[in-house]
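Take a look at the structure set out below.
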Amino acid sequence: SSGINAEYGEIRSHLNIALKPCFSYLAQCRMMSVSMENFIKHIKLQITKTSPDLSDNEAKEELLFECENFFKENIYLAGKSISEKAVARIVNGDMILIYKKSQLILHILLEAKRQRKQFKVMVVDSRPDLTGVASCERLTAAGIPCSYVYINSCTYIMKKVTKVLLASDALLANGYVLGPVGTAMIGLIASNYNTPVIVCCETYKFSERVQTDSILYNELADPDSMLKTLNADDSLVAGWRESPNTRLVNLVYDTTPPALVSIVITEIAELPCTSAPVVLR
Amino acid sequence: AVVSTQSTGELSRQLKATAGTSTTSVVSGCDLFVRFITLSRGQKGPSSDVDILECKGFDPVRKFLVERGNLFMNRLKDSRRKIAQLAYPFITDGVTVLTVNISRVVLEILTKAHEKSKKFNVLVTQSEEGPYMVNQLNGRGIQATQILDASIGFVMERVSFVLVGAVGVVENGGLINKLGTYPVAVMARSLNKPFYVAVESFKFYRNYPLSQLDLPNDDKYQDPQQKGHPEVDFTPPKYINKLFSDLGVLTPSAVSDELIKLYI
Numbered sequence: 006s007s008g009i010n011a012e013y014g015e016i017r018s019h020l021n022i023a024l025k026p027c028f029s030y031l032a033q034c035r036m037m038s039v040s041m042e043n044f045i046k047h048i049k050l051q052i053t054k055t056s057p058d059l060s061d062n063e064a065k066e067e068l069l070f071e072c073e074n075f076f077k078e079n080i081y082l083a084g085k086s087i088s089e090k091a092v093a094r095i096v097n098g099d100m101i102l103i104y105k106k107s108q109l110i111l112h113i114l115l116e117a118k119r120q121r122k123q124f125k126v127m128v129v130d131s132r133p134d135l136t137g138v139a140s141c142e143r144l145t146a147a148g149i150p151c152s153y154v155y156i157n158s159c160t161y162i163m164k165k166v167t168k169v170l171l172a173s174d175a176l177l178a179n180g181y182v183l184g185p186v187g188t189a190m191i192g193l194i195a196s197n198y199n200t201p202v203i204v205c206c207e208t209y210k211f212s213e214r215v216q217t218d219s220i221l222y223n224e225l226a227d228p229d230s231m232l233k234t235l236n237a238d239d240s241l242v243a244g245w246r247e248s249p250n251t252r253l254v255n256l257v258y259d260t261t262p263p264a265l266v267s268i269v270i271t272e273i274a275e276l277p278c279t280s281a282p283v284v285l286r
Numbered sequence: 012a013v014v015s016t017q018s019t020g021e022l023s024r025q026l027k028a029t030a031g032t033s034t035t036s037v038v039s040g041c042d043l044f045v046r047f048i049t050l051s052r053g054q055k056g057p058s059s060d061v062d063i064l065e066c067k068g069f070d071p072v073r074k075f076l077v078e079r080g081n082l083f084m085n086r087l088k089d090s091r092r093k094i095a096q097l098a099y100p101f102i103t104d105g106v107t108v109l110t111v112n113i114s115r116v117v118l119e120i121l122t123k124a125h126e127k128s129k130k131f132n133v134l135v136t137q138s139e140e141g142p143y144m145v146n147q148l149n150g151r152g153i154q155a156t157q158i159l160d161a162s163i164g165f166v167m168e169r170v171s172f173v174l175v176g177a178v179g180v181v182e183n184g185g186l187i188n189k190l191g192t193y194p195v196a197v198m199a200r201s202l203n204k205p206f207y208v209a210v211e212s213f214k215f216y217r218n219y220p221l222s223q224l225d226l227p228n229d230d231k232y233q234d235p236q237q238k239g240h241p242e243v244d245f246t247p248p249k250y251i252n253k254l255f256s257d258l259g260v261l262t263p264s265a266v267s268d269e270l271i272k273l274y275i
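So the protein lines, in turn, are chains A and B. For the first sequence, our numbering gives the first residue as 6, with consecutive numbering after it. For the second sequence, our numbering gives the first residue as 12, with consecutive numbering after it.
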């Protein structure tokens, strides 16, 4: 800053410019998720809204407070609100299916256990990251009876399941749910058995994007991690980079159509999938 | 403030005891009434600088509440007429309408269509009060036949569309209606017959059942022991084509939009 006058009002113009390289660095490390994009939009808006009467330090404090507030309202408290509504749907004798690991879903199940509900959990997991193992550990530590299967056995176990509880990474404007790859499969199998599919999604994950398949917008994760869980001494697969005919595709997301989802629980309300974007209006 | 939201529960319980009708419509009607009152906070009292619900003395407030109550009731009574106005064009000459049990809204729609000289006939499932519905229709000059609930499979191929009333409509557009509606809906979907619901908007209920068992027991059973058959069943929204309400002709997903507009 160049002088006393420059201490005031510079935040608005300079901070956005200063943050740009940070955002693009993050985007280069890993593609931005919908929730990150929404937060960045929010923070940019807050920066432009800072009053020109505040000194730089005061403005910075205000912005930091906004960040904290965003986390507190949209993530922490929203999680609690969703958890309350979701726990009300869990009844004694339920067999609840969950997919991989989600903080929100684990929070819901642990809360239900705290409220002395008697239920069992079926943890469905898939390669390559196998995060479901951690889910299982958390749940058994809390004393909740768990079963663990790979997604291949989903059709076999689905008849015993009474409810499916899924987390999501985003909710699109046309009602499609963006979730970890494999979610759509679970939704489809559940709907075949008429099992209710409950999706939990905080409103900061809502997106204006419209998408009907998983190819239009997706993220590719490290393909070599797909090899790690195989005993891939087989040179055909391990040497995939040299072979012109082989590609390893490690998709991160997939989209679940609204017809397969029974209900979306957000902190504002419990809604059918198609009405979720109405809440944003 | 005079009004508290806890009073709706008490109010609806008392009303249920006196009216003997199902609770869903009563509860949602009461919820709406409370909002109708509390959203009128802009109104000023006789001393004109104090909000009517905050001013001292109960008399002006009571007068105000009664006025609003009457206005509310008149709007509700009028909704049946509005629905009939909207729905009767769907009944064309030569159609066969299937309806379940008794519904005053459906009765009004069919009467209106008859007044407009449409030639149609009605099949009414027996259920509990089917005979009463048939008498009412025949009394107004509409050709109505009673059918056994077991014969809906048999008659469905002859039916042009199904028109039922409602006890309540839930957040996802699903229908709570007299027992026997769900099988008719499934049968209609199976033979690709349109399934229409005629319902006043005050019956849009803030509840989201995912299965038959999710319906609150109060709605299902009259007596507290909960023995015998439930009074109502739940029809998921995918079986419903359109809802005729005083807010217009809606699809099941639009019901959620309307509820959000009202309550959020």
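For each residue, glycine too, the CB sits at the ideal point set by N, CA and C. Please read all numbers here as calculations on a predicted model, not as lab measurements.
Look at ALA274 of chain A: its C-beta is under 9 angstroms from a C-beta on chain B. Closest in alpha carbon position to LYS125 of chain A, among A:LYS106, A:THR136, A:THR145, is A:THR145.
For TYR219 of chain B, the CB contacts under 7 angstroms within the same chain, skipping 5 residues up- and downstream, are VAL181, GLU182, ASN183 in chain order. Counting only residues of its own chain and dropping the five nearest sequence neighbours on each side, PHE44 of chain B has a CB closer than 6 angstroms to the CB of PHE83.
For GLU182 of chain B, the C-beta contacts it makes with chain A under 9 angstroms involve ILE268, ALA274, GLU275, LEU276, PRO277, SER280, in order along the chain. The way I'd put it, the region 50-59 of chain A doesn't touch the region 174-186 of chain A; fewer than three beta-carbon pairs between them come closer than 8 angstroms. In its chain, beyond the 5 residues on either side, ILE87, LYS90, ALA91, CYS205 have a beta carbon closer than 6 angstroms to the beta carbon of ILE270 of chain A. Remark: C-beta atoms of PRO263 of chain A and VAL182 of chain A approach each other more closely than 9 angstroms. Residue burial is scored here from C-beta neighbours: ASP89 of chain B has fewer than 16 other C-beta atoms within 10 angstroms and is therefore classed as exposed. Of all C-beta pairs linking the region 148-160 of chain B to the region 89-102 of chain B, fewer than three are shorter than 8 angstroms, placing the two stretches out of contact. Shown here is that no member of the region 80-101 of chain B has a Cβ falling below 9 angstroms from a Cβ of chain A. Cβ neighbours of SER131 of chain A within its own chain (closer than 6 angstroms, five residues either side excluded): ILE156, GLY187. At the C-beta level, SER256 of chain B and SER201 of chain B stay beyond 9 angstroms of one another. Within the same chain, Cβ atoms closer than 6 angstroms to the Cβ of PRO205 of chain B are found at PHE172, ASN252, the five residues on either side in sequence being excluded. For GLY179 of chain B, the pairing in a beta bridge is given by DSSP as B:ILE187.
Here ARG119 of chain A is exposed: its Cβ has fewer than 16 other Cβ atoms, across all protein chains shown, within 10 Å. For PHE124 of chain A, the uninterrupted beta strand (DSSP E) segment begins and ends at 124-130.
Proximity of ILE95 of chain A to chain B, defined by a Cβ-Cβ separation below 9 angstroms, is not satisfied.
By the rule that beta-carbons nearer than 9 angstroms mark a contact, LYS74 of chain B does not touch chain A. Annotation: ALA274 of chain A to ALA281 of chain A spans about 9 angstroms, alpha carbon to alpha carbon. Under a criterion of Cβ atoms nearer than 8 angstroms, the residues of chain A adjacent to ILE271 of chain B are, in order, ALA274, LEU276, SER280, VAL283, VAL284. HIS112 of chain A and GLU213 of chain A have their alpha carbons spaced roughly 28 angstroms apart.
In this structure ILE194 of chain A is buried. Its beta-carbon is surrounded by 16 or more other beta-carbon atoms within 10 angstroms. Close to chain B, meaning a Cβ-Cβ distance shorter than 7 angstroms, are the following residues of the region 200-211 of chain A: PRO201.
LEU256 of chain A is not a Cβ neighbour of LEU221 of chain A, given a cutoff of 9 angstroms. Our two residues, PRO57 of chain A and ARG17 of chain A, have alpha carbons roughly 8 angstroms apart in a direct line. If one requires a minimum length of 4 residues, the alpha helix (DSSP H) runs lying completely within the region 76-142 of chain A are 83-93, 108-119, in chain order.
Residue state for TYR216 of chain B is assigned as coil, using DSSP reduced to three classes. If one requires a minimum length of 3 residues, the beta strand (DSSP E) runs lying completely within the region 110-150 of chain B are 132-136, in chain order. Rounded to the nearest whole angstrom, the CA to CA distance from LYS165 of chain A to LYS106 of chain A is 21 angstroms.
Counting only runs of 3 or more residues that sit fully inside the region 135-208 of chain A, the beta strand (DSSP E) segments are 151-155, 168-172, 182-185, 202-205, in chain order. In terms of beta-carbon proximity, ALA264 of chain A lines the interface with chain B, with at least one pair separated by less than 9 angstroms.
If you check the CB distance, SER152 of chain A and ILE110 of chain A do not come in under 9 angstroms. The beta carbon of LYS210 of chain A is closer than 8 angstroms to those of VAL39, SER40, ASN43, SER173, ASP174, ALA175, LEU176 in its chain, skipping five residues each way along the sequence. Taking a Cβ-Cβ cut-off of 9 angstroms, LEU148 of chain B has no neighbours in chain A, whose nearest Cβ is about 35 angstroms from it.
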